[in-house]
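Residues 57 to 360 (our numbering) are what the sequence shown spells out, left to right.
Just so you know, even glycine gets a beta-carbon here, dropped at the ideal spot from N, CA and C.
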Amino acid sequence: MNFQSVLDEIDREIRPLLGAEGAVACYIPGLARVPVAQFGIALHTREGVEACAGDAATPFSIQSVSKLFTLTLAMRYLGDALWERIGREPSGNPFNSLVQLEHEQGKPRNPFINAGAIAIADRLVSRGQGKADLLAFMSDLCGEAVRYDEEVAASEAATGFRNIALANFMKSFGKIDNAVGEVLALYFHQCAIHMSCRQLARAAAFLCRDGAHPFDGRPEITTERHTHRINALMLTCGTYDAAGDVAFSIGLPCKSGVGGGIVAVVPDQLTLCVWSPALDASGNSLLGLKALELFVAKTGLSIF
Ligand code: DON
C-alpha cells in the first residue's frame with residue numbers, strides 16, 4: 057500500500073475543515089494560545105517505513121498521550137502488582153471526573169483518566185523514576201532529543217486544581233504513597249512533553265511490534281503480553297467517555313490528549329499519530345478523529 061499518498065489525500069480532505077468546529081483546550085493557559093488551524097498526520101510501520109503529511113513535524117503538547125508511555129513503564133516495573141491500585145474498566149465519565157473515586161475507595165477506574173495517570177506517576181516516583189528518566193525514555197523511543205514545554209507544565213501546576221484535588225483525595229484513601237507535590241510535578245511534566253506527530257508515531261511503534269523497540273536490534277521496550285494489554289486499554293479507555301464511539305467508528309486502539317494529538321495502533325502493522333488542536337466535548341481532537349476515520353475507510357485497516 058502507498059501510505060504516503062493515503063496520508064496526502066487525508067491532508068487534502070481535512071485542510072478545508074480547519075478552524076470550522078471545536079475549540080482548543082482553554083483550561084490550561086499554556087494550550088489556549090496554540091493556533092487552531094493546524095493538522096498533521098504521520099505513521100510508522102512495523103518494518104520501519106515512515107510517511108507523513110501536513111504539520112507532522114510541528115511539536116505540540118502531548119498531554120494525555122503521555123499516559124500510554126508512563127503506563128508502559130509502570131507495567132514494566134510492577135507487573136501485575138500495578139492493578140492493586142488501578143482498575144481496567146472504562147469510566148464512562150469525563151477524564152477529570154472525581155465522582156467514582158469516593159465510592160471506589162480512591163482506586164481509579166483505569167490508567168488513562170487523570171486519577172489513574174496520577175496514581176501511575178506515584179508508582180513511578182516510588183521506583184525512583186523522575187522527569188529526567190521519562191524524557192530519556194521518550195527520546196530513546198523516537199531516536200531524537202525531546203523536551204518539556206516548561207511554560208505548559210508551569211501553567212498546569214498553577215491552575216490544575218482538579219488534579220490537585222484528585223491526588224489529595226486518593227492520598228486520603230491511602231492510595232498515593234509519595235508527597236502529592238512530587239507526584240503532580242511528574243504528572244504535569246509528562247503532560248507537557250513537546251513532540252511532533254512524526255516523533256510520536258515512531259515512539260509508539262513498540263505497540264505494533266509485540267513490544268520490540270521501534271528500531272531493530274535494541275532491547276525490548278515491553279513484553280508481547282503487556283503490549284496486547286496496553287492496546288486493549290487504549291481501545292476501551294483511551295478516549296474516555298467517547299471510547300465506545302471511537303471503537304464503533306474507527307475500530308483501533310487510540311490514546312488522545314487535550315493538546316489535540318491522538319496515537320492509534322494497527323496491531324502488528326503500524327502506529328499512526330494525528331494532531332489538530334480543536335477538541336470535541338470529550339476532549340478528543342475533532343479533526344484527528346475524522347482523519348483516523350478516513351484512514352480506516354481508505355485502507356480497510358481496523359481490528360474488527
Ligand atoms: O491533567 C489534565 O487535565 C491535562 N494535563 C491532560 C488531560 C488530557 O489530555 C485528557 N485527554 N484528552
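Of the candidates VAL90, SER61, SER117, ALA130, ALA130 places its Cα closest to the Cα of THR278. The DSSP-derived three-state label of ILE174 is helix. In terms of Cα proximity to VAL181, the closest of VAL208, TYR133, TRP139 is TYR133. The Cβ-Cβ distance between CYS310 and THR114 does not fall below 9 Å. For THR279, no alpha helix (DSSP H) segment is defined, and its DSSP state is neither H nor E. Secondary structure of GLY135 (DSSP, three-state): helix.
Comparing alpha carbon positions, the residue from ILE249, ARG258, PHE229 closest to GLU207 is ILE249.
For HIS250, the secondary structure class from DSSP, reduced to helix, strand or coil, is strand.
With a threshold of 8 Å, the Cβ atom of GLY313 counts as near ligand 1, since some heavy atom of the ligand is closer than that. Per the DSSP secondary-structure output, TYR204 pairs in a beta bridge with ILE249. CYS82 carries a coil assignment under DSSP once its states are collapsed to helix, strand and coil. Between the alpha carbons of TYR83 and ILE70 lies a distance of about 26 Å. With a cutoff of 8 Å, CYS247 counts as near ligand 1, since its C-beta is closer than that to a heavy atom of the ligand.
The C-beta separation of THR126 from GLN325 comes to about 25 Å, leaving the pair out of contact by the 8 Å criterion. Residue environment: HIS282 is assigned as buried (16 or more neighbouring CB atoms within 10 Å of its CB, all protein chains considered). For GLU106, the secondary structure class from DSSP, reduced to helix, strand or coil, is strand.
The beta carbons of THR128 and PHE262 sit closer together than 9 Å. Judged by the Cβ position, ARG165 fails to qualify as a neighbour of ligand 1 at the 8 Å threshold, every heavy atom of the ligand being at least this far.
Around the beta carbon of MET57, fewer than 16 other beta carbons lie within 10 angstroms, which makes this residue exposed. Annotated three-state conformation of GLY300 is helix, per DSSP.
Between the alpha carbons of PHE360 and GLN156 lies a distance of about 31 Å.
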